[in-house]
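The next block holds one structure in the form of structure tokens; read it before the comments.
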Amino acid sequence: MKLQSLDDVFERRILRIPDYQRGYAWQEHQLDDFWEDLLQLDPSRIHYTGVITLEPVTAPVWGRWTQDQWVIDGMGYRPFYVVDGQQRLTTSIILIQAILESIPQGTQLNYQSTDLIRSKFVLLEAEDKMRKSFLFGYEIDNPSDEFLKTKIFNIHSHSNQFQETLYTQNLKDAKVFFLMQLKKLSLEDIASLYKKLTQKLKFNLYEIDEEIDVFVTFETMNNRGRPLSSLELLKNRLIYLSTLFKEHTGHQLLRTKINDAWKTMYEYLGKNPEAPLSDNLFLRNHWTMYFKYSRKKGDDYIEFLLDERFTARNVTHPRVKEERVTVKEIEDYVTNLQQSIRPWFYIHNPYFNLSEYTDDTNKTLLNRMERLSFRAFKPLLLAAYTAKIDIEKINNLLVAAERYNFALFNLNQRRSNTGDTEFFGLARELLLGEVNIEAVITKIESLVNKYYDPEDFYNLIKEKYKIGRDGFYYWDGLRYFLFEYESWLKARGKQSIEKLSWKVLNEHKKDHVTVEHIFPQTAVDSYWVERYGNFTEEQIDLLTHSLGNLLPLSRAKNSSLQNDSFPLKKNNGSGVGYYNGSVAENEISQNDDWLANDILYRGIHLLEFIETRWNLNLGDYQFKTKLLHLDFINNLELADDRHLLIIES
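Numbering follows my numbering, with no gaps: position 69 of the sequence shown is 67.
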């Protein structure tokens, strides 16, 4: 087969990326590779760049392309869908546009004016200037289509809704990358680069005539860019299967439904450019929810979907009647995928503006689960939202799930898969209405009662003291717990200003801390020596790393400043100190002194907070002092009202 250049590919063709394909996915490392290939290419040689596969667009379809009919019907341009190679083609066109913007007006490249280059690859205008057609782009009603026209090609559009997604951000980043690289080149170098791009990069160009071949060949394609995701493979498999139902009157409509579903999924997977969602994670969690879960299946969701369930054999000649795949089964599955993607997006972006999700408590609870980790609860929550269960009941589910995860994994450190089988199985039952959400919550609570034991928490902290002598400081749940305590203090004090950021609290910056030892690890200041000099070295370690001595900071602090005296920590005289930090810091700044008794009493108070906040029992006062590893402090007055605070539920 003769290799084709970019000039050849665009010879009297209009190219469109169909709306069921993902958007532009190349990022900086792929752009770097592409750029370096061009720079290093010998102008006298050709460079094989891969495969481009095109599917002819039928007349009933392009007949709806009102803006392009003049160039197709009147000028004989042929319309095609880009089945494979869209990433390389999109990159090439963005580079051409960047070249046009990087050279002075009136300049010619290889004896071609900028107007001629633009009319060959970007925009073709009729002589009357009334009709225009983009030669490369996306199907209409795709945010990437409007973005490509307006932000990449700089053509005004009255219909632009200014929607941005992960894919539009990638388009923008690619253009910025090429513009910056082109600034480093002379006009002569740019002309050479353009010639190599349009004439020396060569492709294997396939035009597929039979509909069935598109989807058979697609699954075997591989390219230099990002590999096909499981979601893309599944889409093309389902479209392929739709062509096998030739005798079913709804098989063509099924393909349309598949395309519409994937368009919706790609929209929401990339809807938040700052935190794009994984194709594969969505598909895996949906599979867990939608199909009957068993431990035997393991996590091989894509093998089940492509090799066991949605196969050509199960459509045309299944081994047993129960394995037959019908149009309705595919239609129901695709519909549920489409219905699930919006709640899946909301679960990960509760504060994104979505009209049907307005409950502030629900947003707070989802945000809390994100900080703690959803673990095995995502399929269950996805089922609850997809089934449109009352939001108050979902809130109760979120409260139970958060309590379960905190108690079993942060206090007891149970095996990471504890309860997975039960929750995965309940997800499908909840989706189908075979179990109500109250029964699900009861099951979660029963597992907490079965597995939670305060002795396990004690043994966990004891082990941490034994291994690294760092006790609560390296407890996995510390930062989440301190953030929740801060939130409670803030709500109790009716404060509106957020003084403690979860992002800051989780920072790992060299020589800086975000959780401070009030009584410092290096207690050389005379203030500390005077007050703690009578304790043994072992007792000093136990006090230093006990829960009551750990304080979340509103701003990262240089670790050397941890060793200051308590008065300086409260206020260093330069406007920095506990007095104007987090609410927890404000609370500590009320103390005149910081003694061993204060560490114990605050630790008891924090354990009481755990009991009330998560409705858990941590034992009596003696067990709590043992848990804090401060039971050597035995001469304290328990009725000291300065310290023992009642935690209100």
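We put the beta carbon where it would ideally sit given N, CA and C, even for glycine.
| Check | Outcome |
| --- | --- |
| Do you know offhand how far I101's Cα is from F176's? | 13 Å |
| Give the secondary structure of F533 by DSSP, where H, G and I count as helix, E and B as strand, and everything else as coil. | coil |
| With C-beta atoms as the reference, is A405 less than 9 Å away from W260? | no |
| Starting from H45, follow its DSSP beta bridges and name the residues at the other end. | L199 |
| Would the stretch 451 to 470 and the stretch 541 to 548 be scored as touching if the rule is three or more Cβ pairs under 8 Å? | yes |
| In whole angstroms, give me the CA-to-CA distance for L93 and K173. | 7 Å |
| In the structure shown, what three-state DSSP assignment does N220 receive? | Confidence in N220 is poor, its pLDDT being 45 and thus under 50, which makes the residue's placement unreliable; the coordinate value appears in the next sentence. Coil. |
| I want to see whether chain B comes within less than 9 Å of N312, judged by CB atoms only; does it? | Checking the listed chains, one finds no chain B in this structure; it contains a single protein chain. |
| CB Y450 to CB A582, shorter than 9 Å? | no |
| If I follow the unbroken beta strand (DSSP E) through P550, where does it start and stop? | L548 to N556 |
| Could you check how far apart the C-beta atoms of D277 and L267 are, in whole angstroms? I think they sit under 8 Å. | 6 Å |
| Residues in its own chain within less than 6 Å of F421 by CB, not counting five upstream and five downstream? | A374 and L378 |
| Alpha carbon to alpha carbon, what distance is there between G104 and S111? | 7 Å |
| Rounded to whole angstroms, what's the CA-CA distance from Y472 to R553? Just pull it up for me. | 20 Å |
| Using only the alpha-carbon positions, how far apart do D71 and R20 sit? | 29 Å |
| Between D474, Q167, L252 and L231, which lies nearest to D82 when the distance is taken from Cα to Cα? | L231 |
| Using a threshold of 9 Å, state whether the C-beta atoms of D523 and S572 are closer than that. | no |
| Can you give me the Cβ contacts of W63 inside the same chain, cut-off strictly under 6 Å, excluding the 5 residues immediately before and after it? | none |
| Could you pull the start and end residues of the alpha helix (DSSP H) that L605 belongs to? | A594 to R611 |
| Check whether the Cβ atoms of L191 and S90 lie closer than 9 Å to each other. | no |
| Which residues does DSSP pair with P452 in a beta bridge? | Note: P452 sits in no beta bridge, so no partner. |
| So S557 and L498 are supposed to be a Cβ contact under 8 Å. How far apart are they, rounded? | No, S557 and L498 are not in contact; Cβ-Cβ is about 19 Å, not under 8 Å. |
| Sort out for me which residues DSSP pairs V80 with in a bridge. | L52 |
| Would you identify the three-state DSSP class for K0, choosing helix, strand or coil? | coil |
| From P452 to N334, what does the alpha carbon distance come to, in whole angstroms? | 42 Å |
| On the three-state DSSP scale, how would you describe E496? | coil |
| What are the boundary residues of the beta strand (DSSP E) that Y136 is part of? | F134 to Y136 |
| Please identify the residue among Q65, Q250 and G531 whose C-alpha is closest to the C-alpha of S155. | Q65 |
| Based on DSSP bridge pairs, tell me the residues matched to E514. | L549 |
| Could you tell me whether the Cβ atoms of D187 and L29 are closer together than 9 Å? | no |
| If L650 sits next to K194, beta carbons under 8 Å apart, how far is it from one beta carbon to the other, in whole angstroms? | Nothing about residue 650 can be reported from this structure: the residues present for the chain run from -1 to 647 only. |
| Please say whether E144 and R732 have beta carbons closer to each other than 9 Å? | Nothing can be reported for residue 732: it is not among the residues displayed for the chain, which extend from -1 to 647. |
| Using 8 Å as the threshold, is the stretch 382 to 389 in touch with the stretch 424 to 442, meaning 3 or more CB pairs across them? | yes |
| I need the DSSP call for R253, collapsed to helix, strand or coil. | helix |
| Using 10 angstroms around the beta-carbon of I210, count the other beta-carbons present and answer buried if the total reaches 16, otherwise exposed. | Low local confidence applies: a pLDDT of 48 at I210 is under 50, so the model's placement there is unreliable, and no value is given. |
| Give the DSSP-derived three-state secondary structure of K130 in the structure shown. | strand |
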